[in-house]
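Here is the structure we will look at, set down as structure tokens.
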Amino acid sequence: MAEAKQRAGRTPADAALEAIWRVVAALPRGRVTTYGAVAARAGLPRRARLVGHALKVAPRALALPWHRVVGAGGRIAFPAGSAHFREQRRRLQAEGVEVLRGRVSLPRADDLDALLWGGR
DNA sequence: GTTGTGACATTAT
DNA sequence: CATAATGCCACAA
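All residue numbers for the first sequence refer to the numbering used here, where the first residue is 937 and numbers rise by one.
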């Protein structure tokens, strides 16, 4: 229908957020990925920034493993020493992920991730 | 409608 | 390694 331009309160932005949430929610335990990888996997290339926003506005009820999402090269996106930073590091270490100087041991490259993710 | 900001990425210097 | 510039897009003022 022509008048069906927009569903009640339903915007493309919301769909993007949901897509991102779904990808993050699917992150296996002990696995760390980057914002860019999440965005790409959610069908939103070059929208890493949006991923950050999505996580920020994500309802707590979703219990998203936000701590498994880090910046490029495995760098934690939060300012070193901040409360969020410490919490993320603590959660990652709790899952067996080594965090050294604000960085997590990433599998060399996203290619490996993409390969594993691409298969499934 | 314009402006500034941001849980980023990439490339260049 | 750090800094700057650019892209990208949602959101608040």
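Backbone N, C-alpha and C define an ideal beta-carbon position, used for all residues, glycine too. Keep in mind that this is a model prediction, so the values were computed, not measured.
**Report entry** Buried/exposed call for V1033, threshold 16 Cβ in 10 Å
**Finding:** In the first sequence, counting from the first residue as 1, residue 1033 sits at position 97. Buried, by the Cβ-count rule.
**Report entry** Assigned secondary structure, V1033 (DSSP; H/G/I helix, E/B strand, else coil)
**Finding:** Within the first sequence, residue 1033 is the residue found at index 97, counting from 1. Three-state result, V1033: coil.
Query raised in the report: Would L991 be called buried (16 or more neighbouring beta carbons within 10 Å of its own) or exposed?
Result: Reading the first sequence from its first residue, position 55 is the one you call residue 991. Answer is buried; the Cβ neighbour count reaches 16.
Query raised in the report: Exposed or buried, E939, counting other C-beta atoms within 10 Å across all chains shown (16 or more means buried)?
Result: The residue given as residue 939 occupies position 3 in the first sequence. For E939, the predicted model reports a pLDDT of 48, less than 50, meaning its position is unreliable and no value from the coordinates is stated.
Query raised in the report: Going by beta carbon distance, what residues of the same chain come within less than 7 Å of R983, once the five residues before and after it are set aside?
Result: Indexing the first sequence from 1 puts residue 983 at position 47. So the qualifying residues of the chain are A975.
Query raised in the report: Mapping DSSP to helix, strand and coil, what is V960?
Result: In the first sequence, residue 960 corresponds to position 24, counting from 1. In this structure, V960 counts as helix in the three-state DSSP scheme.
Report task. Using only alpha-carbon positions, find the residue among L1042, G988, T970 and P964 that is nearest to A952. Result -> Here residue 952 is taken as the residue at index 16 of the first sequence, counted from 1. Minimum Cα distance to A952 is reached at G988.
Query - Exposure of G1010, with buried meaning 16 or more beta-carbon neighbours within 10 Å - result: Along the first sequence, read from residue 1 onward, the residue named residue 1010 stands at position 74. Buried, because 16 or more other Cβ atoms sit within 10 Å of the Cβ of G1010.
**Report entry** heavy atom of the ligand COA below 7 Å from P1015 C-beta
**Finding:** The ligand COA is not part of the structure shown, which contains no ligands of any sort.
Requested in this report: Express the C-alpha separation of V959 and G979 in angstroms, rounding to a whole number.
Outcome: Taking the first residue of the first sequence as position 1, residue 979 is located at position 43. Taking the first residue of the first sequence as position 1, residue 959 is located at position 23. When rounded, the distance between both Cα atoms is 10 Å.
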